[in-house]
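Have a look at the structure below, then the notes.
Residue numbers (this note's numbering): 133 to 271.
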């Protein structure tokens with residue numbers, strides 16, 4: 133058990149563990165330096181940052197997983213503040229400098245505004261709960 137992807141990658145580089153599952157931003161610099169090798173990625177299509185890496189489906193495994201990030205606020209946040217934060221998030225997602233930083237880190241940018249993202253999160257949570265139940269980890 134690790135407190136995050138960074139410590140897990142350090143353990144992998146140090147030989148304390150044999151493998152790690154992580155997003156591209158955490159490992160890309162080590163892949164480019166020849167210190168790590170990517171066996172597959174769990175997304176639905178090729179990654180621009182690692183176009184030669186097959187998906188798990190390409191490798192014969194019926195598995196897909198999206199590692200997403202979102203901007204969350206307390207439910208009691210006043211609506212004018214929420215709207216201002218949403219507008220700032222849209223502006224950031226469209227800003228070429230922000231996009232360059234995220235792309236250079238190896239992560240794809242798939243921006244969704246609040247209503248669409250709420251539906252996505254709910255569907256993803258249900259899908260993940262179904263997977264965990266299927267493998268017998270939750271009653």
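A virtual CB, placed ideally from N, CA and C, is assigned to each residue, including glycine.
Between residue 224 and residue 230, the C-beta gap is smaller than 8 Å, which places the two residues in contact.
Of the candidates 209, 177, 200, 148, 200 places its Cα closest to the Cα of residue 256.
Taking 8 Å as the cut-off, the Cβ atoms of residue 172 and residue 183 do not count as close. Beta-bridge analysis with DSSP links residue 173 to 187. Between residue 146 and residue 153, the alpha-carbon positions lie close to 16 Å from each other. With 16 or more other Cβ atoms from the protein chains shown falling within 10 Å of its own Cβ, residue 238 counts as buried. Note on residue 139: under 16 other CB atoms within 10 angstroms of its CB, so exposed under the neighbour-count rule. Note that the C-beta distance between residue 141 and residue 158 is below 8 Å. Separation of the CB atoms of residue 144 and residue 179 is rounded to 19 Å, and the pair is thereby denied contact status at 8 Å.
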